[in-house]
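First comes the structure, then the notes that go with it.
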Amino acid sequence: MTAPDWTQLPDLANRAQGGAVVAANDEFFAARENLVLPWPAVARPDFGHKGKEYDGWETRRRREPGEDWAVVRLGMPGVVAGVVVDTAFFLGNYPPQASVQAAAVDGHPSVAELAAADWQPLLDRVDLAGGTANAFAVEPGRRVTHVRLTIHPDGGVARFRVHGTAVPDPRFLDAGPFDLAALENGGRVTAVSNAFYGSPHQLLGRGDAANMGGGWENARRRDGGNDWVDVQLACEGVVAVAELDTSWFLGNAPGSAALTGRTADGTEVELLPRTPLQPDTRHRFLVPDAPGVVAVRLDVFPDGGMARLRLWGRATDAGRAALQRAVDDPR
Numbered sequence: 001m002t003a004p005d006w007t008q009l010p011d012l013a014n015r016a017q018g019g020a021v022v023a024a025n026d027e028f029f030a031a032r033e034n035l036v037l038p039w040p041a042v043a044r045p046d047f048g049h050k051g052k053e054y055d056g057w058e059t060r061r062r063r064e065p066g067e068d069w070a071v072v073r074l075g076m077p078g079v080v081a082g083v084v085v086d087t088a089f090f091l092g093n094y095p096p097q098a099s100v101q102a103a104a105v106d107g108h109p110s111v112a113e114l115a116a117a118d119w120q121p122l123l124d125r126v127d128l129a130g131g132t133a134n135a136f137a138v139e140p141g142r143r144v145t146h147v148r149l150t151i152h153p154d155g156g157v158a159r160f161r162v163h164g165t166a167v168p169d170p171r172f173l174d175a176g177p178f179d180l181a182a183l184e185n186g187g188r189v190t191a192v193s194n195a196f197y198g199s200p201h202q203l204l205g206r207g208d209a210a211n212m213g214g215g216w217e218n219a220r221r222r223d224g225g226n227d228w229v230d231v232q233l234a235c236e237g238v239v240a241v242a243e244l245d246t247s248w249f250l251g252n253a254p255g256s257a258a259l260t261g262r263t264a265d266g267t268e269v270e271l272l273p274r275t276p277l278q279p280d281t282r283h284r285f286l287v288p289d290a291p292g293v294v295a296v297r298l299d300v301f302p303d304g305g306m307a308r309l310r311l312w313g314r315a316t317d318a319g320r321a322a323l324q325r326a327v328d329d330p331r
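Here's what the structure looks like:
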């Protein structure tokens, strides 16, 4: 079955982007932290002193009324489009139902403060299947910072994905130049020519790539064309510095690359002409006198891998106003 379109949006809860499971009422059989690991769950054949081991979160069998829950701090606060409750490898011990609530809490709340937060329904109680990536679209609402997965009544969940659009707090972006392309600031990949070896979303991820698998890499081209990726910026902004990082890519880095911006009215502008690249190098280029753009296309020639794309700049007045509206109420 084809995955819903919203699953192509970034996972706001992903551990690699700063997500964390900050509390759970029970994790007797398997640790809550597994829920937001960035890689797929795997089968574990071993038995521990508590029984069969699972790559996920698993609570004990309930002998009294109630349900179990886990609270996730989103690494990228934003507007949720859908959630995936993945019960991979949980067959006789998956929860039959689940629900999800969400809250918006400023700062760095304690577990006690989160318990007292204004939790609103995000996904009403739904049926789950075992051994399945159960996907549920949600009605886009306000920006949220935390979500709570409730399972009815108990059982195991391998992974919990919270797909959506990141909406940063614009007050922090006002402090100075910021990465207009970063996932955590609201940038996202909208189209790509090829992603055979690595997801293009990784281009916009936090920190440095840990290895070649942490970036975007396409298949080898045999047709004389070139590969590319389109990035929607966090908001309309003026790019001042572009970073094209080929770290870890040695025999498979692009030979050259170019950057083209798109303005709000659809006009294309050259930000970086086709420029030779070196393997395993963080390239930094000044982008003088650029206009405000809402999207950027990275072309690599003819193909190859890129660890990170950073587009440092500032929001235009129109872009800053749009960010504020997204925080106040995106609907």
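FYI, the numbering for the sequence shown is 1 to 331, going by full-length UniProt numbering.
Even glycine gets a Cβ: it sits at the ideal position worked out from N, Cα and C.
Bear in mind that the values here come from a model prediction, so they are computed numbers and not experimental data.
For this session: Report yes or no: do the region 312-324 and the region 233-243 share at least 3 C-beta pairs separated by less than 8 Å?
Result: Of all C-beta pairs linking the region 312-324 to the region 233-243, three or more are shorter than 8 Å, placing the two stretches in contact.
Exercise. By the 10 Å Cβ neighbour count, where 16 or more other Cβ atoms means buried, how is V111 classified, buried or exposed?
Worked result: Looking at its Cβ environment, which holds fewer than 16 other Cβ atoms inside 10 Å, V111 is exposed.
For this session: Please check the pair P105 and T165, which I expect to be a contact at CB under 8 Å, by giving their CB distance rounded to whole angstroms.
Result: It is Val, not Pro, that sits at residue 105 in the sequence shown. In this structure V105 does not touch T165 by the C-beta definition: roughly 19 Å separates them, more than the 8 Å allowed.
For this session: With DSSP collapsed to three states, give me the class of E64.
Result: The answer is coil: DSSP assigns E64 none of H, G, I, E or B.
Problem set entry | DSSP three-state assignment for Q101, whether helix, strand or coil | Residue state, collapsed to three classes: strand.
Exercise. What whole-angstrom Cβ distance do A103 and V85 have, given they're in contact under 8 Å?
Worked result: Wrong, their Cβ atoms sit about 19 Å apart, outside the cutoff.
For this session: Compare the Cα-Cα distances from L311 to each of R73, G305 and G292 and report the closest residue.
Result: For L311, the nearest C-alpha among the options comes from G292.
Exercise. Around the Cβ of L180, are there at least 16 other Cβ atoms within 10 angstroms (buried) or fewer (exposed)?
Worked result: Buried, by the Cβ-count rule.
Exercise. G215: which of G225, P200 and W228 sits nearest, CA to CA?
Worked result: Taking each of G225, P200 and W228 in turn and checking the Cα distance to G215, the smallest one comes out for P200.
For this session: Mind listing, in chain order, the continuous beta strand (DSSP E) runs of no fewer than 3 residues lying wholly within the UniProt domain "Allantoicase" (18-166)?
Result: Along the length of the UniProt domain "Allantoicase" (18-166), whole beta strand (DSSP E) runs at least 3 residues long occupy 20-24, 68-86, 97-103, 120-127, 133-137, 144-152 and 159-166, reported in chain order.
Exercise. Can you tell me whether E64 is buried or exposed, with buried defined as 16 or more other CB within 10 angstroms of its CB?
Worked result: An exposed status is given to E64, since fewer than 16 other beta-carbon atoms sit within 10 Å of its beta-carbon.
For this session: Taking only the alpha-carbon atoms, compute the straight-line gap between E139 and V36 and give it to the nearest angstrom.
Result: Their backbone Cα atoms lie some 22 Å apart in a straight line.
Problem set entry | Cα-Cα separation between T275 and K50, rounded to whole angstroms | Rounded to the nearest angstrom, the gap between the Cα atoms of T275 and K50 is 58 Å.
For this session: Specify the secondary structure class of Q232 as computed by DSSP and reduced to three states.
Result: Secondary structure at Q232: strand, using DSSP grouped into helix, strand and coil.
For this session: Using three-state DSSP, classify W248 as helix, strand or coil.
Result: Residue state, collapsed to three classes: coil.
For this session: Spatial neighbours of L244 within its chain, please: CB distance less than 7 Å, with the 5 preceding and 5 following residues excluded, ordered by chain position.
Result: So the qualifying residues of the chain are A257, L277, H283, M306 and L309.
Exercise. So which of V71, G261 and A116 has the shortest CA-CA distance to V100?
Worked result: Per the Cα distances, V71.
Problem set entry | Below-9 Å beta-carbon distance, F90 vs any chain D residue | This model lacks chain D altogether, as it is built from one protein chain only.
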